[in-house]
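Chains as they are written, first to last, in the numbering used here: chain A, -1 to 131; chain B, 55 to 242.
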């Protein structure tokens, strides 16, 4: 699965996600990647999110929207909300993976709870980083 | 001018600990940097966040290293089924496609669903029909063939196992063990 989130010069945000699914999948199995609210979500009130991980758990956890809800209803930062979802809420139901998120101020969060994550971030305030965790 | 930024992910690693060589790591990092730079360049140029995420994901889809587009994994029937989605935080418009095949850049099709249809989510044959009406050129199976992906599939074909494109140690073992026990079970 691959994905991107961005905040543009006008403070508008967006998210995109794309995947080939799972090796040897059958029965027309679909994961969270194309599901708005589960693997992908963007709302200028809160954040833009793209997820990667065990799709069935991310669907059941409505993960992307869950992060946005924590920001909107509990006033959490994008970093705290996405960390809460990946390190607590999704783990509680057995899900592993991670997400990338950006808010309308260009702040980025990239939490994950399993190894082997490929990530990159770049910002007009000087951040430019590509890492494999 | 407000702070603008972009973040990308290439999924969660197919290569578990110990399998990543320095050469391969350099290839992954270069592909990620290219995607990041492509998206960022659009933002720097004053383009929208939607343009930037579509571009960055397209670059990743064009790489065989990641499980999307060209690097998509094999299904149980040795085919490729791809899914993609995009959402615009300003308008709350969204587009998604699922179970599509032969499309070079599924994310572009998802954007077309968002902007050129009255729907949010198109799947399977209907999504392919939509792509054809927009004159998408279909790539044949050889474009999506990758030896590593094929080996991944051969390891678990004819079993009921499936494999995520990421693997914690725990997960890898369970997949391998499941796969082995199911293959052995054929011999009593």
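Using N, Cα and C, we set each Cβ at its ideal position, and we do this for glycine too.
Option in the options with minimal Cα separation from residue i
{"i": "residue 93 of chain B", "options": "B:108, B:204, B:159 and B:84", "result": "B:108"}
{"i": "residue 69 of chain A", "options": "A:97, A:80 and A:33", "result": "A:80"}
{"i": "residue 62 of chain A", "options": "A:73, A:72 and A:50", "result": "A:50"}
{"i": "residue 113 of chain B", "options": "B:154, B:62 and B:214", "result": "B:62"}
{"i": "residue 128 of chain B", "options": "B:207, B:214 and B:215", "result": "B:207"}
{"i": "residue 144 of chain B", "options": "B:163, B:174, B:171 and B:102", "result": "B:102"}
{"i": "residue 111 of chain A", "options": "A:119, A:88, A:128 and A:127", "result": "A:88"}
{"i": "residue 80 of chain B", "options": "A:116, A:23 and A:122", "result": "A:116"}
{"i": "residue 174 of chain B", "options": "A:24, A:39, A:7 and A:25", "result": "A:39"}
{"i": "residue 66 of chain A", "options": "B:136, B:160, B:146 and B:132", "result": "B:146"}
{"i": "residue 37 of chain A", "options": "B:155, B:160 and B:140", "result": "B:140"}
{"i": "residue 205 of chain B", "options": "B:160, B:172, B:155 and B:126", "result": "B:126"}
{"i": "residue 122 of chain B", "options": "B:99, B:160, B:83 and B:132", "result": "B:160"}
Own chain, CB closer than 6 Å to residue i, minus 5 neighbours either side, in chain order
{"i": "residue 101 of chain A", "result": "45 and 76"}
{"i": "residue 184 of chain B", "result": "176"}
{"i": "residue 124 of chain A", "result": "none"}
{"i": "residue 163 of chain B", "result": "151, 157 and 185"}
{"i": "residue 73 of chain B", "result": "none"}
{"i": "residue 225 of chain B", "result": "Here residue 225 of chain B scores only 44 on pLDDT, less than 50, and its place in the model should not be relied on; the value that follows carries that caveat. Excluding residues within five positions, none has a Cβ falling inside 6 Å."}
{"i": "residue 16 of chain A", "result": "0"}
{"i": "residue 90 of chain B", "result": "62"}
{"i": "residue 107 of chain A", "result": "76, 77, 80 and 99"}
{"i": "residue 85 of chain B", "result": "117 and 119"}
7 Å Cβ cutoff met for residue i and residue j
{"i": "residue 48 of chain A", "j": "residue 83 of chain A", "result": "no"}
{"i": "residue 21 of chain A", "j": "residue 217 of chain B", "result": "yes"}
{"i": "residue 30 of chain A", "j": "residue 53 of chain A", "result": "yes"}
{"i": "residue 158 of chain B", "j": "residue 193 of chain B", "result": "yes"}
{"i": "residue 200 of chain B", "j": "residue 118 of chain B", "result": "yes"}
{"i": "residue 93 of chain A", "j": "residue 109 of chain A", "result": "no"}
{"i": "residue 91 of chain A", "j": "residue 55 of chain A", "result": "yes"}
{"i": "residue 57 of chain B", "j": "residue 122 of chain A", "result": "yes"}
{"i": "residue 13 of chain A", "j": "residue 111 of chain B", "result": "no"}
{"i": "residue 7 of chain A", "j": "residue 136 of chain B", "result": "no"}
{"i": "residue 178 of chain B", "j": "residue 120 of chain B", "result": "no"}
Neighbourhood of residue i by C-beta, 8 Å cutoff - its chain only, sequence neighbours within 5 removed
{"i": "residue 106 of chain B", "result": "60, 93, 94, 96 and 97"}
{"i": "residue 103 of chain A", "result": "5 and 9"}
{"i": "residue 35 of chain A", "result": "60, 62 and 63"}
{"i": "residue 118 of chain A", "result": "127, 128 and 129"}
{"i": "residue 27 of chain A", "result": "19 and 20"}
{"i": "residue 86 of chain A", "result": "none"}
{"i": "residue 124 of chain B", "result": "115, 116, 117, 118, 158, 197, 198 and 200"}
{"i": "residue 114 of chain A", "result": "130 and 131"}
{"i": "residue 74 of chain A", "result": "68 and 82"}
Distance between beta carbons of residue j and residue i, contact taken as under 8 Å
{"i": "residue 138 of chain B", "j": "residue 151 of chain B", "result": "6 Å"}
{"i": "residue 134 of chain B", "j": "residue 198 of chain B", "result": "5 Å"}
{"i": "residue 33 of chain A", "j": "residue 57 of chain A", "result": "6 Å"}
{"i": "residue 148 of chain B", "j": "residue 168 of chain B", "result": "6 Å"}
{"i": "residue 104 of chain B", "j": "residue 142 of chain B", "result": "5 Å"}
{"i": "residue 170 of chain B", "j": "residue 188 of chain B", "result": "7 Å"}
Sequence-distant residues of the same chain with beta carbon closer than 7 Å to residue i, five excluded per side
{"i": "residue 241 of chain B", "result": "Any answer about residue 241 of chain B is weak, because its pLDDT of 40 lies below 50 and its placement is not dependable; what the coordinates show is given next. So no residue of the chain qualifies."}
{"i": "residue 120 of chain A", "result": "126"}
{"i": "residue 139 of chain A", "result": "Nothing in the structure corresponds to residue 139 of chain A, since chain A is present only between -1 and 131."}
Curious, which full-length beta strand (DSSP E) runs of at least 3 residues does the segment 77 to 129 of chain A contain?
95 to 101 and 115 to 121
Along the chain, which unbroken stretches of the beta strand (DSSP E) at least 3 residues long are found entirely within the segment 72 to 159 of chain B?
136 to 142 and 148 to 154
Fully enclosed by the segment 24 to 85 of chain A, which alpha helix (DSSP H) runs are 4 residues long or longer?
53 to 58, 61 to 72 and 76 to 82
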